[in-house]
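For reference, the structure is listed below as structure tokens.
In the UniProt record's numbering, the protein residues as written are 1 to 349.
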């Protein structure tokens with residue numbers, strides 16, 4: 001779509017248009033069009049491509065078009081204030097009411113009830129809070145939109161986090177943001193798709209029978225030719241269903257990657273410098289060395305190694321990792337654990 005048409009149609013604010021990358025403009029338009037069609041979405045761009053920016057500007061688009069009453073941003077507690085600041089940054093001059101729901105339970109209930117008729121309202125809260133207030137939102141809120149940040153954390157179909165997000169009634173659209181839509185298996189992907197579009201892939205048992213089992217059988221190392229072909233057909237069918245609801249871009253697709261060290265020319269807005277990993281080896285000091293050796297010499301550790309006790313060996317590994325950061329972390333982490341000797345070792349230093 002022509003930039004001027006986007007601005008004239010008030011899909012994107014003129015004030016922020018020049019500060020957006022092309023892929024972000026495409027993403028905002030995609031979200032907007034799916035919202036108008038009442039389709040749920042998964043925005044699965046690589047980390048660093050501006051998923052938060054796209055959602056914040058998208059909220060501005062809905063405000064300009066008078067397309068929503070209330071929305072909920074579901075994010076980890078540590079990111080709630082960040083979301084507030086980003087929404088403010090990417091909706092300049094717009095009278096969006098942003099409320100961070102981080103109060104005590106009773107106070108949160110009062111806030112939701114008091115804002116029943118408030119327009120252009122964005123709640124920012126956590127998955128756990130949504131789980132506790134599903135009924136309050138249903139009774140006292142006019143939710144048109146739910147955005148779930150770090151949505152991959154809701155992949156487990158049996159968790160209360162997912163249940164709250166799944167059960168929350170939203171009139172128009174649910175959006176999941178994640179850089180890792182599939183981490184371990186296809187059931188995780190089913191779980192996310194089923195949140196944004198209820199029943200789009202059938203029930204979990206139907207998905208396992210029609211897609212997961214067929215695809216996994218076809219991917220086995222010594223799969224029969226017929227199973228490989230069945231898997232290809234299942235993948236094609238699955239893609240046909242989820243593609244309208246799924247958008248993923250990677251850094252390599254979007255940017256011309258250049259080395260900032262090899263070029264004297266300034267990097268333009270569609271170029272990224274190569275990432276530089278600097279590995280620095282820091283040796284243990286004398287106290288750390290002494291404690292390290294004392295832990296390994298401890299009889300309980302030797303016994304755990306001999307017995308191949310995975311549980312206790314894992315605890316020892318964690319203790320050694322913490323020791324390499326700072327000895328006092330051991331005291332904080334293991335004073336109530338199965339490594340009481342750590343306290344004894346520290347007290348001797």
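Where a beta carbon is used, it is the ideal one built from N, C-alpha and C, also for glycine.
Remember, it's a predicted structure, so these values are computed and weren't measured experimentally.
Under three-state DSSP, which class holds residue i?
i: residue 162; result: helix
i: residue 242; result: helix
i: residue 250; result: coil
i: residue 170; result: coil
i: residue 117; result: coil
i: residue 312; result: helix
i: residue 201; result: coil
i: residue 259; result: At residue 259, the pLDDT of 46 sits below 50, so the modelled position is not reliable and the matter cannot be decided from this model.
i: residue 277; result: coil
i: residue 296; result: helix
i: residue 136; result: helix
i: residue 186; result: helix
i: residue 97; result: strand
i: residue 266; result: Confidence in residue 266 is poor, its pLDDT being 49 and thus under 50, which makes the residue's placement too unreliable to answer from.
i: residue 229; result: helix
i: residue 284; result: coil
i: residue 305; result: helix
i: residue 21; result: coil
i: residue 208; result: helix
Do residue i and residue j have their C-beta atoms within less than 8 Å of each other?
i: residue 101; j: residue 123; result: yes
i: residue 160; j: residue 191; result: no
i: residue 74; j: residue 165; result: yes
i: residue 133; j: residue 112; result: yes
i: residue 69; j: residue 116; result: no
i: residue 72; j: residue 126; result: no
i: residue 323; j: residue 292; result: yes
i: residue 247; j: residue 48; result: no
i: residue 250; j: residue 46; result: yes
i: residue 319; j: residue 295; result: yes
i: residue 109; j: residue 136; result: yes
i: residue 218; j: residue 231; result: yes
i: residue 352; j: residue 59; result: No statement about residue 352 is possible, as the shown extent of the chain runs from 1 to 349 and does not include it.
i: residue 204; j: residue 157; result: yes
Check the DSSP bridge columns for residue i and list the partner residues they point to.
i: residue 361; result: Coverage of the chain is limited to positions 1 through 349, which leaves residue 361 absent and any answer about it impossible.
i: residue 74; result: 125 and 148
i: residue 143; result: 70
From this set, the options, which residue's C-alpha is nearest residue i's C-alpha?
i: residue 239; options: 276, 220, 186 and 290; result: 186
i: residue 36; options: 171, 314, 16 and 220; result: 171
i: residue 313; options: 324, 138, 298 and 250; result: 298
i: residue 211; options: 107, 198 and 188; result: 188
i: residue 66; options: 249, 11 and 225; result: 11
i: residue 242; options: 79, 230, 202 and 252; result: 202
i: residue 80; options: 283, 220, 129 and 279; result: 129
i: residue 138; options: 168, 118, 76 and 46; result: 168
i: residue 24; options: 85, 57 and 39; result: 57
i: residue 253; options: 22, 224, 38 and 14; result: 22
i: residue 244; options: 158, 15 and 193; result: 193
i: residue 77; options: 103, 59 and 64; result: 103
i: residue 140; options: 147, 131, 204 and 114; result: 114
i: residue 326; options: 16, 224, 31 and 287; result: 287
i: residue 61; options: 207, 32 and 280; result: 32
Report whether the distance from the Cβ of residue i to the nearest heavy atom of the ligand GDP is below 7 Å.
i: residue 34; result: By its list of ligands, the structure shown contains no ligand whatsoever, and the ligand GDP lies outside what it can speak to.
Any Cβ of chain D within less than 8 Å of the Cβ of residue i?
i: residue 71; result: In the displayed structure, chain D is absent; only one protein chain is listed.
**OP:** Could you tell me whether the region 177–184 touches the region 145–153, using the rule of 3 or more Cβ pairs below 8 Å?
**Re:** yes
**OP:** Kindly confirm or deny that the region 38–57 and the region 82–95 touch, where touching means at least three C-beta pairs closer than 8 Å.
**Re:** yes
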